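**Q** Submitted below is the structure of interest, expressed as structure tokens.
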Amino acid sequence: MSLAIFIKSAGDNINKDNLKDTLTSIINNTKEDFKFHLVLEESQKSVLTELSIDEYVGSLKTAKKNVSWAEDFNLFFDSVKDESDWLLYSHDDLKILTPGWFSKSKEVVGD
7 MSLAIFIKSA
17 GDNINKDNLK
27 DTLTSIINNT
37 KEDFKFHLVL
47 EESQKSVLTE
57 LSIDEYVGSL
67 KTAKKNVSWA
77 EDFNLFFDSV
87 KDESDWLLYS
97 HDDLKILTPG
107 WFSKSKEVVG
117 D
């Protein structure tokens, strides 16, 4: 797998529509093979069912109040560092508008 994408959606300001837009925009505008690695509050998991995106989900954890973003990211990093060429973390309110954004980004930084 070339790209592993970490997203944590938890806290007071979470929004299902934002998460749905984020996941959909990444799926629709990424040409490379990738997997999401998600840490979601229980209330956010229905978005995955609505979108039917199991094929894109590499891992799914339930967010816990006493676990920081950094702790969850470090667990993600340790789990994918040897099998992914690229790691990306994203907010749950990002919307990718550029088709082929990842290919274009790789051109800028180099393979």
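For the sequence shown, the residue numbers in my numbering are 7 to 117. Glycine included, C-beta positions come from ideal geometry on N, C-alpha and C. If you're wondering where the values come from, they're calculated on a predicted model, not measured in any experiment.
1) Just mark L29 as buried or exposed, buried being the case when its beta carbon has 16 or more other beta carbons within 10 Å.
2) Have a look at I33 and A76 and give me their C-alpha separation to the nearest angstrom.
3) Once DSSP output is grouped into helix, strand and coil, what is the label at K26?
4) What are the boundary residues of the alpha helix (DSSP H) that includes A76?
5) Grouping DSSP H, G and I as helix and E and B as strand, with all else coil, what is L57?
6) Under the rule that 16 or more other beta-carbon atoms within 10 Å means buried, what is S90, buried or exposed?
**A** In terms of the structure at hand:
1) buried
2) 25 Å
3) helix
4) 75 to 86
5) helix
6) buried
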